[in-house]
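Worksheet: the structure to be examined is printed underneath.
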Amino acid sequence: MEYPKLYEPGQLNLLFNKREFFICIAQGIYTSVVLFFIPYGVLSHATQSNGVPLADYQTFAVTTATALVIVVSVQIALDMGYWTAINHFFIWGSLGTYFTILFAMHSSILFNIFPKQFHFLGDARNTLGQPVVWLTIALATIICIAPVLAFRFLKLDLKPQLSDTVRYTQLVLQKKRNALGRLGRGRSRRSGYAFAHQEGFGELITSGKNMRLSSLALATFASRHSSSWIETLRRKKHANNTQNTPPTGEDSAASSQGPPLSTSSSAAGEAGQACNEPVLTHSPDDIALSVIRCPEREVGESSTRTVQVNIHLKTSSSRNCIQINCMQVNIHKYRLLYNTGQRVDSVGAQKLILWIDIKRTFPPRRKNGRKQNY
Amino acid sequence: MMASSYNAKDEDHHPGSVGSGGPGAVKSKKPDNTAFKQQRLPAWQPILTAGTVLPAFFMIGLIFIPIGIGLLVTSNNIKEFESNVFMYYGLSNFYQNHRRYVKSRDDSQLNGDKSSLLNPSKECEPYRTSDKKPIAPCGAIANSLFNDTLELFYNHPNGSRITIHLVKTGIAWWTDKHVKFRNPAGNNNNLSIVFQDTSKPVNWHKPVYELDPSDPENNGFINEDFIVWMRTAALPTFRKLYRVIQKKKDNMTPTLPPGNYSLEVTYNYPVRSFDGRKRMILSTISWMGGKNPFLGIAYITVGSVCFFLGVVLLIIHHKYGNRNNNADIPN
């Protein structure tokens, strides 16, 4: 779910509809025509080096069939974007199996058992030993594949879709990472955390949902703050404007309204609450983020406001840590979004995002004596 | 109060916690942390970038054009009649690739199987029996054997006619002659005994054991003209190897010196009923086989088209291509 937009083509039925189907049919017709007429043109006047003409029915058959298998394999290889060992095994394996079965069917052993069925005796070796035949197969392959390659390249170059960009980006980043850290073999390993999370938990926190963040999730989130995360949020529309929480907050510019800290899940009805009242519950064994909100100010007042944000992080598990001072919370940065630089006369929700470093001052929690991985 | 709980607890179910529960705990459904199951296998990820596709097109062009030129030069440079000369007979409008015709044979009979000799397969109908005796060889293909005789004479300037020696062996596939077609076991020198109780095909003038009485290795089913005919052609206009004119022992004189030649045809084979044509072809062969300009021209054409396509793609890529393939992921 890193790139939810990648699901769009599937939902909009963009990848297989009537137009795509007819394009496939057209390509199939073109390939069939090429695969028949190129061997036809070459073999109808070709001879072996001992004078025997190559225009017999069985030579024609073997040439066309081999060309077909090779063209299809190349087409599949073009479609494959990710070659693991399994892919290699099956593609080369299928080619090898074709040739094995071909030579087996044309062998004298099977002919001696069933002469009427296996009457292509000696054909494979005779035909595939002619250089003319291999030149024909190579020619047919190139004629079939070159247009496909050109179309794909043009499509990728002029109108790259999201999946193509994502794949390219992943590859570039993998290469950078390989070049930095490891022995740099240029291979990529897909992993679940190829990128930092595109959306951190800030949205969740400020959207006012009741939630419990596990210790691991919060620690991970806190230690990786990337700028793309901000951009994501910045580009989002005022979708969460409906919360119309009180406009309080500290601002750097004089004339903008401070953002509230909306943590309540209900949009209205929170006015008049005093400070110091936690609005987020926590549950046992979790590190809960409880955020305090201050009452709303009226619209139109002058600007400088302070907001008191208390972050209580505590575990209620009595095993390792009882109180809050097990954790040291540093708010080292805050930032205002939607800093319009002008007075805002209407209540609009703005968000205060806090970057929090959580430093553990004690060893991690243990469960039944086993070390937990964080 | 809108309470939607985001249950982040479930997402990192440690495998270590499985054992901690004891007999009553729920088994973890998380797959093993192997490279295969977590889809972390090392892989090669080819992408069609300009840096790979454009050089590929140019390379194809640069490889194919010389090959095409080489093939064309080889094909045109065959020195006429200086090494072995091959004599072919050609037929037009003769559909040896008709499905029912192609199936009308008995390969086990032709392999020398005694039981099939006297009891040919049903595929050979209606050329299976005649005069209440089984036909050997049965089938429509055998029945339509080409039986013209061609002879070549050189008209020497001093008036005499020199017969050109035509070799009639070595014209069939080795596997055909030695494995696929075998005479039934018995006296090789007197094949008529072997083939008694069978009758000749309907359209033949002489039975199968008289195809070449002078050479027991070329008589009966293993007669090379017969074998060549039984290898069905793919197209309605075809040619089959008839004879070979060996080159002279000293490589200086051409095999067929320039001059006046006459061809004598013993015309047995009827083709006018189906508007067919007969031809005789004399040809010399290179390693590539015969005078075949099609392949050379095709290679040159495809090579230049690929090169041209590469140039066009390069121009398009430069002008309109999206070179900005960096990590700009829209949302």
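Taken in order, these protein sequences are the chains called C and Y.
The first sequence begins at 1 in my numbering and counts up by one.
The second sequence begins at 1001 in my numbering and counts up by one.
The beta carbon of each residue, even a glycine, is placed where N, CA and C say it ideally should be.
The C-beta of residue 1320/Y has fewer than 16 other C-beta atoms within 10 Å across all chains shown, which makes the residue exposed. Taking CB atoms only, residue 1124/Y has no neighbour in chain C less than 9 Å away.
Per the Cβ contact rule, the region 143–153 of chain C is in contact with the region 1037–1054 of chain Y (3 or more Cβ pairs under 8 Å). Exposure of residue 1250/Y is indicated by the presence of fewer than 16 other C-beta atoms within 10 angstroms of its C-beta. Per the DSSP secondary-structure output, residue 1130/Y pairs in a beta bridge with 1133/Y. For residue 1118/Y, the enclosing alpha helix (DSSP H) covers residues 1114–1118.
Within chain Y, the residues 1043, 1045 have their CB atoms less than 7 Å from the CB of residue 82/C, given in chain order. Nearest in C-alpha terms to residue 1135/Y, of all of 1235/Y, 1261/Y, 1118/Y, 1174/Y, is 1118/Y.
The criterion of a C-beta distance shorter than 9 Å is satisfied by residue 1106/Y and residue 1120/Y.
Ranked by Cα distance from residue 1133/Y, the first of 1196/Y, 1064/Y, 1313/Y is 1196/Y. In summary, residue 137/C is buried, with 16 or more beta-carbon neighbours lying within 10 Å of its beta-carbon over all protein chains present. Closer than 7 Å at the C-beta level to chain C, one finds these residues of the region 1267–1293 of chain Y: 1285, 1287, 1288, 1289, 1290, 1292. Under the three-state reduction of DSSP output, residue 1125/Y falls in the coil class, being neither helix nor strand. Membership of residue 178/C in the alpha helix (DSSP H) is indicated by the continuous run 162–180. DSSP places residue 54/C in no beta strand (DSSP E); its state is neither H nor E. Restricting attention to alpha helix (DSSP H) runs no shorter than 4 residues, the region 1208–1236 of chain Y encloses them at 1224–1230, ordered along the chain.
By the criterion of at least three beta-carbon pairs nearer than 8 Å, the region 1082–1094 of chain Y is in contact with the region 1234–1241 of chain Y.
Taking residue 1150/Y as reference, the option from 1163/Y, 1213/Y, 1309/Y with the minimal CA-CA separation is 1163/Y. With three or more CB-CB distances shorter than 8 Å, the region 48–68 of chain C counts as touching the region 1283–1300 of chain Y.
Residue 1087/Y is not a Cβ neighbour of residue 1313/Y, given a cutoff of 9 Å. A straight line joining the alpha-carbon of residue 13/C with that of residue 24/C spans about 16 Å. By DSSP's assignment, residue 1278/Y forms a beta bridge with 1091/Y. In this structure residue 143/C touches residue 38/C by the C-beta definition: roughly 7 Å separates them, less than 8 Å.
The C-beta of residue 71/C comes no closer than 9 Å to any C-beta of chain Y.
Contact of residue 164/C with chain Y is assigned, a C-beta pair being separated by under 9 Å.
Scanning its chain for C-beta atoms nearer than 7 Å, with the 5 sequence neighbours on each side dropped, one finds around residue 1103/Y the residues 1123, in chain order. Annotation for residue 76/C: 91 place their beta carbon closer than 7 Å to its own, counting only its chain and skipping 5 residues before and after. Listed as beta-bridge partners of residue 1240/Y by DSSP are 1089/Y. The beta carbon of residue 1060/Y sits closer than 9 Å to some beta carbon of chain C. Contact check for residue 35/C and residue 74/C: beta-carbon distance about 13 Å, past the 8 Å limit, so the pair fails to qualify.
Within chain Y, no C-beta atom comes less than 9 Å from the C-beta of residue 129/C; the nearest is roughly 11 Å away.
Residue 1073/Y has a beta carbon lying at 9 Å or more from every beta carbon in chain C.
Comparing alpha-carbon positions, the option among 30/C, 45/C, 32/C lying closest to residue 1293/Y turns out to be 45/C. At a cut-off of 9 Å between beta carbons, residue 1169/Y makes no contact with chain C.
The C-beta distance from residue 1295/Y to residue 132/C rounds to 7 Å, short enough to fall under 8 Å.
Collapsing the DSSP output to three states places residue 1182/Y in coil.
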